[in-house]
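In what follows, a structure is listed as C-alpha cells, so that the remarks can point back to it.
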Amino acid sequence: MSEIRVYPDSVLRKKAKDVEKIDDRIVQLLDKMSDIMYRYNGIGLAAEQIGILDKLVVIDLRPDGKNQLIELINPVIIASEGTYEEHEEGCLSVPGYYDTVKNRKKWIKVKYLDRNEEERIIETEDFLSVVIQHEIDHLNGRLFIDHLSPTQKLVFKKEWKKLQKEREEGK
Ligand SMILES: [Zn+2]
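Residue numbers (the numbering used here): 17 to 187.
As C-alpha cells, this is what we get:
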C-alpha cells in the first residue's frame with residue numbers, strides 16, 4: 017500500500033490542527049515527509065497526505081536542480097494580491113491527473129513557524145506562491161480539483177474512473 021493517501025480518502029477532507037509544540041515527534045514527521053516527497057518526485061507534501069492531521073508542509077522546487085527544502089509549520093496566509101495566470105496543477109494524492117486552475121493568488125505573505133519554533137514570514141509570488149496555496153489548501157481539507165469549473169469536474173470524474181481502472185488492472 018502506498019504511503020500517500022489518495023483521493024477520495026476521507027482524511028484528505030479533514031482540517032488539520034495547529035502544532036502546539038515542536039517536539040521530536042514533529043521533527044521526525046518533517047523528516048519523514050521530505051523523504052516521501054523526494055521519493056515520489058513531488059514538489060510539495062502536506063501531513064494530511066500521509067494521514068496525519070498536524071499543520072505541516074514541506075516544499076522543494078529544486079531551483080537550479082539543487083534541493084532547497086522549505087518546511088512550514090502552522091502556515092497562514094496573512095495577505096495576498098492579484099491572480100496567478102491559468103496553469104496546470106497536479107497532486108500526489110490525485111496521481112496521474114493534471115488540470116488548469118485559474119483562481120490562485122499571484123502574491124502571498126505567509127506566517128509560519130520553522131522547526132526551531134521561530135516565527136517567520138515569507139513573501140512570494142508566482143510558482144512558489146501557487147505551491148504554498150495548494151499545500152495550505154490540503155491543511156484545510158481542500159484539493160486542487162475543488163477549484164475546477166463544473167465542466168472540468170465532469171471531465172475529472174470520467175478521467176479519474178479510467179485512471180482508477182488502469183491502476184487496478186496494473187496491480
Ligand atoms: Zn497536493
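Quick reminder that beta carbons are idealized off the backbone N, C-alpha and C, glycines included.
Stretch pair the stretch 114 to 133 + the stretch 89 to 103: three plus CB contacts closer than 8 Å: yes
Rounded C-alpha distance that separates Ser109 from Asn83: Taking the sequence shown and counting its residues from 1, the one referred to as residue 109 is at position 93. Taking the sequence shown and counting its residues from 1, the one referred to as residue 83 is at position 67. Rounded to whole angstroms, Ser109 to Asn83 spans 22 Å at the Cα level.
C-beta atoms of Glu151 and Pro91 nearer than 9 Å: Walking along the sequence shown from the start, residue 151 turns up at place 135. Walking along the sequence shown from the start, residue 91 turns up at place 75. Taking 9 Å as the Cβ cut-off, Glu151 and Pro91 qualify as a contacting pair.
Cβ separation of Tyr56 and Ile20, assumed to be a contact under 8 Å, to the nearest whole Å: Stepping through the sequence shown from its first residue, residue 56 is reached at position 40. Stepping through the sequence shown from its first residue, residue 20 is reached at position 4. That belief holds up - the Cβ atoms of Tyr56 and Ile20 are roughly 7 Å apart, short of 8 Å.
Which of helix, strand or coil DSSP assigns to Gly60: Counting from one through the sequence shown, the residue named residue 60 turns up at place 44. The answer is strand: DSSP assigns Gly60 an E or B state.
Proximity below 9 Å, CB of Asp153 to CB of Leu159: Reading the sequence shown from its first residue, position 137 is the one you call residue 153. Reading the sequence shown from its first residue, position 143 is the one you call residue 159. In this structure, Leu159 lies closer than 9 Å to Asp153 by Cβ.
Contact between the stretch 26 to 41 and the stretch 55 to 70 (3+ Cβ pairs under 8 Å): yes
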